[in-house]
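Below is one structure, written out as structure tokens; the observations come after it.
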Amino acid sequence: MNAHQTNSLPVAEPPEQFNRDQVVIQVEDLHKTYQLGETQVHALRGVSLEIRRGEFVAIMGASGSGKSTFMNILGCLDKPSSGRYLLEGVDVSSLEKKQLAGIRNRKIGFVFQGFNLLARTTALENTELPTLYARIDKDERHRRATDALKMVGLGDRIDHFPSQLSGGQQQRVAIARALVNRPSILLADEPTGNLDSRTSVEVMEILQRLNDQGLTIVLVTHEHDIAQFTKRSIVFRDGKIRRDEPIVNRGIATESLKAMPVLEE
Amino acid sequence: MDLLSTLRVAFRALARNKMRSILTMLGIIIGVGAVIAMVGIGQGAGQKVQSQIANLGSNMLFVSSGSMNRGGLNLGWGATKTLVRADVAAIVRECHAVAAAAPGTQTSAQVVYENDNWGTRITGTTPEYFEIRTWAFQSGAAFTEEDVTNAANVAVIGETVRKNLFATTDPVGKTIRVGNLPFVVIGVLVAKGQSPAMSEDQDDTIIVPLTTLQKKITGQPWLRFVMVSAKSRSGSYAAQQQIQALLRDRHRIRPKQPDDFTVRNLADMADLASEASKVMTGLLASIAGVSLLVGGIGIMNIMLVSVRERTREIGIRMAIGATESDVQRQFLTEAVVMSLIGGAVGIAVGVLASLTIASTAGWPILVSGGAIAGAALVAMAIGIFFGYYPAQKAARIDPIEALRYE
Numbered sequence: 003m004n005a006h007q008t009n010s011l012p013v014a015e016p017p018e019q020f021n022r023d024q025v026v027i028q029v030e031d032l033h034k035t036y037q038l039g040e041t042q043v044h045a046l047r048g049v050s051l052e053i054r055r056g057e058f059v060a061i062m063g064a065s066g067s068g069k070s071t072f073m074n075i076l077g078c079l080d081k082p083s084s085g086r087y088l089l090e091g092v093d094v095s096s097l098e099k100k101q102l103a104g105i106r107n108r109k110i111g112f113v114f115q116g117f118n119l120l121a122r123t124t125a126l127e128n129t130e131l132p133t134l135y136a137r138i139d140k141d142e143r144h145r146r147a148t149d150a151l152k153m154v155g156l157g158d159r160i161d162h163f164p165s166q167l168s169g170g171q172q173q174r175v176a177i178a179r180a181l182v183n184r185p186s187i188l189l190a191d192e193p194t195g196n197l198d199s200r201t202s203v204e205v206m207e208i209l210q211r212l213n214d215q216g217l218t219i220v221l222v223t224h225e226h227d228i229a230q231f232t233k234r235s236i237v238f239r240d241g242k243i244r245r246d247e248p249i250v251n252r253g254i255a256t257e258s259l260k261a262m263p264v265l266e267e
Numbered sequence: 015m016d017l018l019s020t021l022r023v024a025f026r027a028l029a030r031n032k033m034r035s036i037l038t039m040l041g042i043i044i045g046v047g048a049v050i051a052m053v054g055i056g057q058g059a060g061q062k063v064q065s066q067i068a069n070l071g072s073n074m075l076f077v078s079s080g081s082m083n084r085g086g087l088n089l090g091w092g093a094t095k096t097l098v099r100a101d102v103a104a105i106v107r108e109c110h111a112v113a114a115a116a117p118g119t120q121t122s123a124q125v126v127y128e129n130d131n132w133g134t135r136i137t138g139t140t141p142e143y144f145e146i147r148t149w150a151f152q153s154g155a156a157f158t159e160e161d162v163t164n165a166a167n168v169a170v171i172g173e174t175v176r177k178n179l180f181a182t183t184d185p186v187g188k189t190i191r192v193g194n195l196p197f198v199v200i201g202v203l204v205a206k207g208q209s210p211a212m213s214e215d216q217d218d219t220i221i222v223p224l225t226t227l228q229k230k231i232t233g234q235p236w237l238r239f240v241m242v243s244a245k246s247r248s249g250s251y252a253a254q255q256q257i258q259a260l261l262r263d264r265h266r267i268r269p270k271q272p273d274d275f276t277v278r279n280l281a282d283m284a285d286l287a288s289e290a291s292k293v294m295t296g297l298l299a300s301i302a303g304v305s306l307l308v309g310g311i312g313i314m315n316i317m318l319v320s321v322r323e324r325t326r327e328i329g330i331r332m333a334i335g336a337t338e339s340d341v342q343r344q345f346l347t348e349a350v351v352m353s354l355i356g357g358a359v360g361i362a363v364g365v366l367a368s369l370t371i372a373s374t375a376g377w378p379i380l381v382s383g384g385a386i387a388g389a390a391l392v393a394m395a396i397g398i399f400f401g402y403y404p405a406q407k408a409a410r411i412d413p414i415e416a417l418r419y420e
């Protein structure tokens, strides 16, 4: 397993008016209310936040704290009941479903806890999927997907099916898929939740490397060890941000791996 | 997503559940096959009846002497004595729509040749009869006008009579006897088979000059029927009207009094038969159509199952950028691909079935291009119609729910 391949990152070139200090995500006073039978559930009660290009943010909180709802809104899968959400300066809270699908396709890369690869579909085809919806031509699709897979260290397994890959490898295919359309931001929802500790750190190593190359990452996690690899932690409770602070003594995944026993996959 | 990729995804999804896809398509295969075969059978049978009617004679009308009620006793068809040869001459002379007419009378008789004998119909008529009925000879020829004038003892025999009296020998030139009367066989008619209109064996007859039959056998100077051919098929109705008017006039029938004759129009009979076969074809096709409908419901059912099973896949696709219409198109394409493949196989099955049935039943082979094109269109329409609701359902799935779906 070679996670140390060096490849240039296919991250979108920031538009002219953006620089590295530019705000990628800006949310203002987000509220989200669900009607659950008779009762109203206030999942978010006024969340305001800025995330700049190149940040690596860990979102933490117990279940029911509102972090999942917040991530769904960040990922344009859900709309806030009130408040504004600007992604690269564009107010996405007012967009139509179809336009939101386009934003998810081009601006956002998703990585899920359960990998969510299509079964009986090769790593390459799984990775190509977002480019299909972006209507990119065939050769370019193939080139981008291959590049993305090489970047996560799976250049030699592009024709493998998910069932032939380990959990860590499947998650790396998912990361390659998330990157293939060169998104502005990577949203990872407990990406290490289904992985053993060494594999988790390997995944974090990839994410750290991508972040070092300029990718903005927002990661949801329960585990403090995992959050320790990020640069900033935000803690949710009862639909509000309770803590928002930089990570001190940040872990370096490459270093941690050296101290861990190598497990046979 | 472009069409090619959409198609690829659809084929792959169908290949993933091969057995299920095949069984689902079977509904469409049977439906389309049944429609094509049933339409083929209906049209083939109709064509057969039409050709049998045409076989009776071209644009033929049949005038028979009428029934007569005498003291409450209905003597039936051919009982009146008012139809005579002068009427035939008048029909040809005065009815413009008429091309030719042949008088005729008929009785039954025992025909003897050497040691064999055969009970059959004996028809007396004139040479026009063979033209009107477009009846050709397998050997010999018809009698002439002169034979009619002279009441000659010559006879033309039908195929059934030939088979029964002349198994191996050539009948032409041989002498047969009807009662004590000898007839020289001068011609043998080709087989016409069963008459569809009168359901009798048309070949079971001998035909002699009218005068011979009238003077030497029946002793009755009136006619039982007149065979008429109209100038054209479309003119046969006019001919019928003209003959009717003429005969009423000649027979001095007062208004409101019923005809003492009957005019039957073969064109009418043909229309009636074709109407009947159309109704039958429609009936068969609609029964087959029901099975097509059931096939379509099968597609809808499987698509609904498929949407449910692939909820998570739908969620993934939506999360990475599929729009609602992308998802809808994907499932619709699957339904249409299934129904089109089913339709194509169904067409092959239907054509094969029609050919088999046609060859066993001895019908003309009828696989109309219209039925095939129609079946293909209907299959496509079924895919769209029955695929629409499941596809719509798939498109409406909330990606957040779908990603949580186990």
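If you read the protein sequences in the order shown, they are chains A and B. Counting in our numbering, the first sequence runs from 3 upward without gaps. Counting in our numbering, the second sequence runs from 15 upward without gaps. Just so it is clear, CB atoms sit at the ideal spot from N, CA and C, and this is done for glycine as well.
Among B:56, B:58, B:224, whose alpha-carbon lies nearest the alpha-carbon of residue 430 of chain B? Residue 430 of chain B falls outside the range modelled here, since chain B spans only 15 to 420, and no answer is possible.
With a CB to CB cut of under 8 Å and the five nearest residues on each side skipped, what residues in its chain are close to residue 259 of chain A? In the first sequence, residue 259 of chain A corresponds to position 257, counting from 1. Closer than 8 Å at Cβ, skipping near neighbours: 200, 203, 204, 207.
Is there a Cβ from chain A that is less than 9 Å from the Cβ of residue 60 of chain B? Here residue 60 of chain B is taken as the residue at index 46 of the second sequence, counted from 1. Output row for residue 60 of chain B: interface = no.
Checklist entry - Is it true that the CB of residue 232 of chain A sits closer than 9 Å to the CB of residue 60 of chain A? => result Residue 60 of chain A sits at position 58 when you count from the first residue of the first sequence. Residue 232 of chain A sits at position 230 when you count from the first residue of the first sequence. Contact: yes.
Residue 33 of chain B CB to nearest chain A CB: under 9 Å?
In the second sequence, the residue the question calls residue 33 of chain B occupies position 19. No, because no Cβ of chain A sits closer than 9 Å to the Cβ of residue 33 of chain B.
query = By how many angstroms is the C-alpha of residue 73 of chain A removed from the C-alpha of residue 229 of chain A?
reply = Locating residue 229 of chain A in the first sequence gives position 227, counting from the first residue. Locating residue 73 of chain A in the first sequence gives position 71, counting from the first residue. Going by the C-alpha atoms only, they are around 16 Å apart.
Closest residue to residue 244 of chain A among A:34, A:123, A:63, A:187 (Cα-Cα distance): Along the first sequence, read from residue 1 onward, the residue named residue 244 of chain A stands at position 242. Of the listed residues, the one whose Cα sits closest to residue 244 of chain A is A:63.
- Since I believe residue 346 of chain B is in contact with residue 383 of chain B (beta carbons under 8 Å), could you give me their beta-carbon distance rounded to a whole number of angstroms? Walking along the second sequence from the start, residue 383 of chain B turns up at place 369. Walking along the second sequence from the start, residue 346 of chain B turns up at place 332. Wrong, their Cβ atoms sit about 28 Å apart, outside the cutoff.
Sequence-distant residues of the same chain with beta carbon closer than 7 Å to residue 6 of chain A, five excluded per side: The residue you call residue 6 of chain A lines up with position 4 of the first sequence. Since pLDDT at residue 6 of chain A reaches only 44, below the 50 mark, its modelled position is unreliable, and no value is offered.
| query | Taking Cβ positions only, does residue 329 of chain B come closer than 9 Å to chain C? | reply | Structure shown: chain C not included; protein chains present are A and B.
Item to check | Nearest residue (CA-CA) to residue 46 of chain B, options B:397, B:314, B:405, B:361 | outcome: Translated into positions along the second sequence, residue 46 of chain B becomes position 32. Ranking B:397, B:314, B:405, B:361 by Cα distance to residue 46 of chain B puts B:361 first.
- Query: In terms of residues, what are the limits of the beta strand (DSSP E) holding residue 34 of chain A?
  - Reply: The count along the first sequence starts at 1 and reaches residue 34 of chain A at position 32. 25–38 is the extent of the beta strand (DSSP E) around residue 34 of chain A.
| message | Suppose you measure from the CA of residue 375 of chain B to the CA of residue 48 of chain B; what does that come to, to the nearest Å? | response | Here the question's residue 375 of chain B lines up with position 361 in the second sequence. Here the question's residue 48 of chain B lines up with position 34 in the second sequence. Answer to the nearest angstrom: the Cα atoms are 17 Å apart.
If the criterion is Cβ atoms closer than 9 Å, does the pair residue 316 of chain B and residue 35 of chain B meet it?
Here residue 316 of chain B refers to the residue found at position 302 when the second sequence is read from its first residue. Here residue 35 of chain B refers to the residue found at position 21 when the second sequence is read from its first residue. Taking 9 Å as the Cβ cut-off, residue 316 of chain B and residue 35 of chain B qualify as a contacting pair.
Within the continuous beta strand (DSSP E) that includes residue 234 of chain A, where are the two ends? Translated into positions along the first sequence, residue 234 of chain A becomes position 232. It spans 234–239 - the beta strand (DSSP E) in which residue 234 of chain A sits, taken as one unbroken run.
Using a Cβ-Cβ cut-off of less than 8 Å, give me the residues of the stretch 132–146 of chain A that come near chain B, in sequence order. 132, 134, 135, 136, 137
Would you be able to state if there are at least three C-beta pairs under 8 Å between the stretch 198–206 of chain B and the stretch 249–259 of chain B? no
Taking just the CA atoms, how far does residue 52 of chain A sit from residue 237 of chain A? Walking along the first sequence from the start, residue 237 of chain A turns up at place 235. Walking along the first sequence from the start, residue 52 of chain A turns up at place 50. Roughly 14 Å separates the two Cα atoms.
Can you pull the chain B residues whose beta carbon is under 8 Å from the beta carbon of residue 80 of chain A, in chain order?
One-based indexing of the first sequence puts residue 80 of chain A at position 78. By Cβ distance, chain B contributes 414.
In angstroms with no decimal places, state the Cα-to-Cα distance between residue 325 of chain B and residue 409 of chain B. Reading the second sequence from its first residue, position 311 is the one you call residue 325 of chain B. Reading the second sequence from its first residue, position 395 is the one you call residue 409 of chain B. Distance between the alpha carbons of residue 325 of chain B and residue 409 of chain B is about 10 Å.
* On the premise that residue 195 of chain B lies in contact with residue 138 of chain B, defined as a C-beta separation below 8 Å, what is that separation, rounded to the nearest angstrom? -> Taking the first residue of the second sequence as position 1, residue 138 of chain B is located at position 124. Taking the first residue of the second sequence as position 1, residue 195 of chain B is located at position 181. Between residue 195 of chain B and residue 138 of chain B the Cβ distance is about 12 Å, and since that is not below 8 Å, they are no contact.
Using Cβ-Cβ distances below 8 Å, what residues of the stretch 395–420 of chain B are close to chain A?
413, 414, 417
> How about the stretch 85–96 of chain A and the stretch 240–254 of chain A: do they share at least three Cβ pairs that are nearer than 8 Å?
Replying inline: no
Point to revise | Limits of the unbroken beta strand (DSSP E) element including residue 119 of chain B | key: Position 105 of the second sequence holds residue 119 of chain B. 112–127 is the extent of the beta strand (DSSP E) around residue 119 of chain B.
Using a beta-carbon distance below 9 Å, is residue 125 of chain A in contact with chain B? Position 123 of the first sequence, counted from the first residue, corresponds to residue 125 of chain A. For residue 125 of chain A, the answer is no, since every Cβ of chain B falls outside 9 Å of its Cβ.
Next item on the list: Taking only beta carbons into account, state which residues of the stretch 334–359 of chain B come closer than 8 Å to chain A, listed in chain order.
Entry: 334, 335, 336, 337, 338, 339, 340
Please classify residue 285 of chain B as buried or exposed, where buried requires at least 16 neighbouring CB atoms within 10 angstroms.
If you number the second sequence from 1, residue 285 of chain B lands on position 271. Exposed, because fewer than 16 other Cβ atoms sit within 10 Å of the Cβ of residue 285 of chain B.
Check: Which residues of chain A have a Cβ atom closer than 7 Å to the Cβ of residue 444 of chain B, listed in chain order?
Finding: The requested residue 444 of chain B is not part of the displayed model; chain B covers only 15 to 420.
Of the choices A:97, A:194, A:213, A:246, whose alpha-carbon is the least far from that of residue 225 of chain A?
Here residue 225 of chain A refers to the residue found at position 223 of the first sequence. Checked all of A:97, A:194, A:213, A:246; the closest Cα to residue 225 of chain A is A:194.
How is residue 422 of chain B classed by DSSP in three states: helix, strand or coil?
-> This structure does not reach residue 422 of chain B, given that chain B is present from 15 up to 420, and the question cannot be answered.
Can you have a look at residue 39 of chain A and say buried or exposed, based on whether 16 or more other CB atoms are within 10 angstroms of its CB? Counted from its first residue, the first sequence places residue 39 of chain A at position 37. Flag for residue 39 of chain A reads exposed.
Practice task
Under 6 Å Cβ to Cβ from residue 191 of chain B, same chain only, skipping five residues before and after it: list those, please.
Solution key: If you number the second sequence from 1, residue 191 of chain B lands on position 177. Contacts found: 126.
inquiry  = Do residue 242 of chain B and residue 146 of chain B count as a contact pair if the criterion is CB distance below 9 Å?
reply    = Within the second sequence, the letter at position 132 stands for residue 146 of chain B. Within the second sequence, the letter at position 228 stands for residue 242 of chain B. Yes; because the gap between Cβ atoms is below 9 Å, this pair is in contact.
Closest Cβ-Cβ distance between residue 163 of chain A and chain B: below 9 Å?
-> One-based indexing of the first sequence puts residue 163 of chain A at position 161. Taking Cβ atoms only, chain B never reaches closer than 9 Å to residue 163 of chain A, which makes this a no.
Query raised in the report: For residue 119 of chain A versus residue 159 of chain A, is the C-beta spacing smaller than 9 Å?
Result: Counting from one through the first sequence, the residue named residue 119 of chain A turns up at place 117. Counting from one through the first sequence, the residue named residue 159 of chain A turns up at place 157. For residue 119 of chain A and residue 159 of chain A, no; Cβs fall outside 9 Å.
When we look at the beta-carbon of residue 1 of chain A and count the other beta-carbons within 10 Å, is it buried (16 or more) or exposed? Any property of residue 1 of chain A remains undetermined from this structure, which presents chain A solely from 3 to 267.
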